[in-house]
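For the sequence shown, the positions run 14 to 418 when the working numbering is used. Even for Gly, the Cβ is constructed at its ideal location relative to N, Cα and C. Written out below as C-alpha cells is the structure these notes cover.
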Amino acid sequence: MRIERRKPLAANIGLLGVGHATYWQQFEGLLSIMHGKQATLKSKLEQYESTIIDFGLVDSSQKAYEALRAIQSADLDLLFIDILTYATSETFAPLVKMLQIPIVLVALQPLKAMDYSKSTTFIQLCNDDICSVPEFCSVAMRMGKNPPEVVIGTLEGDSEADAELASWCRIAHVIHDLKHARIGLMGHVLETMYDMHVDPALITKTFGCHVLPIEPDDVMKHYRTVCEEDLKSMKERIRSFFDTPDPQSDEITFMLRDEDLLLAAKVSVALEQMIDERQLTGLAYYYEAEEHSEMRKLVTNFIVGNSLLTSAGFPMCGEYDLKTLMAMLILDRLEIGGSFAEFHPMDFTRNSILVGHDGPHHINIADRKPVLRSLSKYHGKPGSGAGVEFKIQEGPITMLAITVG
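Printed below as a string of C-alpha cells:
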C-alpha cells in the first residue's frame, strides 16, 4: 500500500538546441533533422513530471543572447543544452557565463555506430553530438564556471542515457521545491541538543526557501474544532493503512488502544488543516507544553499524522531539526524516501549497525504494512500514545546528512 502525494512533483526545465549556421546551406535537409532530434529529446523529457520550455535552436552569437534573455525570464530550475551537431562555443558562452542554474549538456546521437563503408559527411554531422563537448567545457572554465555535466549516448534505445535524463529531472524537482518551499518552524530545540541550533536565515541563504514561525496554537485551534465526519474518515484511513498486532516483547508497548487511535486521528486532521491554512511545504517542530495539559496531549501525538504527511511528500521532523528536514525534503523529491534516522546499537557479530528511529517514518519505503501500537511512554521525551513501526525494503540505502560548516 502506498500513500499518494499531496501535491504532484513539479519543475521548470529549459531545452535549447545548438548547431552551426554554416551547415544549413551546405547540407540540404540537415536543419530539419536537427529539429527532429530536438523534438525527440523534448518528448523524452516530458515523461518526467516537469514543464519543458523549448527555446528553439541557437546557431549564432546573436541568437544565443536572445535565448539568454528568454531563459532568464522563464524562472527555470535546470537547462538542458542539446548539442545537435557541432556548434561553436559562441552559442554557449553567454549562457554559462550569465545563468545561475544547473546546465546539462546532452549529446545523444541517432546511430550507435556509422556504417563506415557508406559514411558521408552528412551522416557524420547528424551524429556529431559529442563534438562540441570539450570546447564547451573549456569555455565554461574560462568563464569561471565548473565544466557542465554531460549525458552521452544514443537518442533511442539507450536505457542508461534515459536514466540519466530522469535523474536530472528529479534533481530539477528538488531545486524547484527548495526555491519555493515554505518551511514551518514550531517550538524550540530539545534542551541540550546543541547540534540542532541553526540560523533560519542560513537555510534561506543556502536553499532559497522561506522559513516561517508556527505556533503550537496554530494547530490547537484546528484540533478543537475537528468535526465528526473528518475524525471518522481519518480513523478509517489509519486503520486501513496500519496493522495493529499484539506487541512481542517490549514492556512499554500495547495493542493499539481506542483512545490512542482517536487522539492520533484528531491530531492528524488538525495538522493537515493547519498545513493547508499556512500553505506549508514542511515542518520542523518540538514542544513539550505543561504536564497533563491539552496542549501536551496534542503536541506529543504528532507521530501518526507526521508519518502520513511525510509519506505524502510533506516532510515533518521532530526535535526542531531544521537541517534534517531539508535533507528529508531533498530525498523525497528524488523519490527515494526521506525518513528520519539515527544510529543505534552495533551488531559486532555481523559487522553492522542498526539504523532507524522509534517515531515517524516515510512509510512508502516500507516492505510491508506498517505497524501501529500504543506506547505507555516515549523514551527520552514526555507523553504517550500511538507509535509507528515499519521495516525498510532490503537493498542499497542512501543516507544524507546536512550540517553547518
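(request) With a 10 Å radius around its C-beta and 16 neighbouring C-beta atoms as the bar for buried, classify residue 319 as buried or exposed. (result) buried
(request) Name the two residues that bound the continuous alpha helix (DSSP H) containing residue 134. (result) 134-139
(request) For the alpha helix (DSSP H) containing residue 319, list its first residue and its last residue. (result) 316-324
(request) Counting only the same chain and skipping the five closest in sequence on each side, list residues whose C-beta sits under 8 angstroms from that of residue 347. (result) 183, 184, 186 and 187
(message) Rounding to the nearest angstrom, what Cα-Cα distance links residue 286 and residue 235 in this structure?
(response) 7 angstroms
(message) Judging by CA-CA distance, which residue of 380, 293, 238 and 400 is the nearest neighbour of residue 263?
(response) 400
(request) Below 7 angstroms CB to CB, which residues in the same chain sit around residue 140 once its five sequence neighbours on both sides are set aside? (result) 122, 123, 124 and 127
(request) With a threshold of 16 other CB atoms inside 10 Å of the CB of residue 337, please say whether the residue is buried or exposed. (result) buried
(message) Quick check on DSSP: helix, strand or coil for residue 394?
(response) strand
(request) Tell me residue 166's beta-bridge partners as DSSP assigns them. (result) 121
(message) Considering only the alpha carbon of each residue, which of 369, 198 and 96 lies closest to residue 162?
(response) 96
(message) Going by DSSP in three states, residue 331 sits in which element: helix, strand or coil?
(response) coil
(message) Taking the straight line between their C-alpha atoms, what separation do you get for residue 414 and residue 265?
(response) 31 angstroms
(request) Just the C-alpha distance for residue 259 and residue 270, rounded to the nearest angstrom, thanks. (result) 11 angstroms
(message) On the criterion of 16 or more Cβ atoms from any shown chain inside 10 Å, does residue 280 qualify as buried, or is it exposed?
(response) buried
(message) Buried or exposed for residue 45, going by 16 or more other Cβ atoms inside 10 Å?
(response) exposed
(request) Determine the direct distance from the alpha carbon of residue 148 to that of residue 133, and round the result to whole angstroms. (result) 24 angstroms
(request) Determine the closest residue to residue 103 out of 191, 164, 49 and 152, with distance taken between C-alpha atoms. (result) 152
(message) Taking the beta carbon of residue 345 as the centre, do at least 16 other beta carbons fall within 10 Å, making it buried, or is it exposed?
(response) buried
(message) I need the straight-line Cα distance from residue 369 to residue 76, nearest angstrom please.
(response) 53 angstroms
(message) Taking DSSP's pairing of strands, which residues face residue 41 in a bridge?
(response) BP columns for residue 41 are empty, so no partner.
(request) Check whether the region 242-255 touches the region 196-208, taking contact to mean three or more Cβ pairs, one atom from each stretch, closer than 8 angstroms. (result) no
(request) Please report the residue range of the alpha helix (DSSP H) in which residue 147 lies. (result) 146-155
(request) Please go through the same chain and pick out, in chain order, the residues whose beta-carbon is closer than 6 angstroms to the beta-carbon of residue 295, but skip the five residues on each side of it. (result) 196, 328, 338 and 342
(message) Alpha carbons only, please: which of 117, 159, 156 and 157 is nearest the one belonging to residue 143?
(response) 117
(message) I'd like the span of the beta strand (DSSP E) that includes residue 357, first residue to last.
(response) 355-360
(message) Going by beta-carbon coordinates alone, are residue 325 and residue 19 separated by less than 8 angstroms?
(response) yes
(request) Compare the beta carbon distance of residue 33 and residue 101 with 8 angstroms and say whether it is the shorter of the two. (result) yes
(message) Taking only three categories from DSSP, how would you classify residue 224?
(response) strand
(request) State buried or exposed for residue 377, treating a residue as buried only when at least 16 other CB atoms are found within 10 Å of its CB. (result) buried
(request) Return the first residue and the last residue of the alpha helix (DSSP H) that residue 77 is part of. (result) 74-85
(request) Select from 313, 205, 131 and 220 the residue whose C-alpha is nearest the C-alpha of residue 90. (result) 220
(message) Let me confirm a value: residue 164 is counted as buried when at least 16 other C-beta atoms fall within 10 Å, else exposed. Which label applies?
(response) buried
(request) Provide the residue span of the beta strand (DSSP E) that contains residue 273, from first to last. (result) Segment 271-291 is the alpha helix (DSSP H) holding residue 273; no beta strand (DSSP E) there.
(message) Starting from residue 67, trace the beta strand (DSSP E) in both directions and tell me its first and last residue.
(response) 64-71
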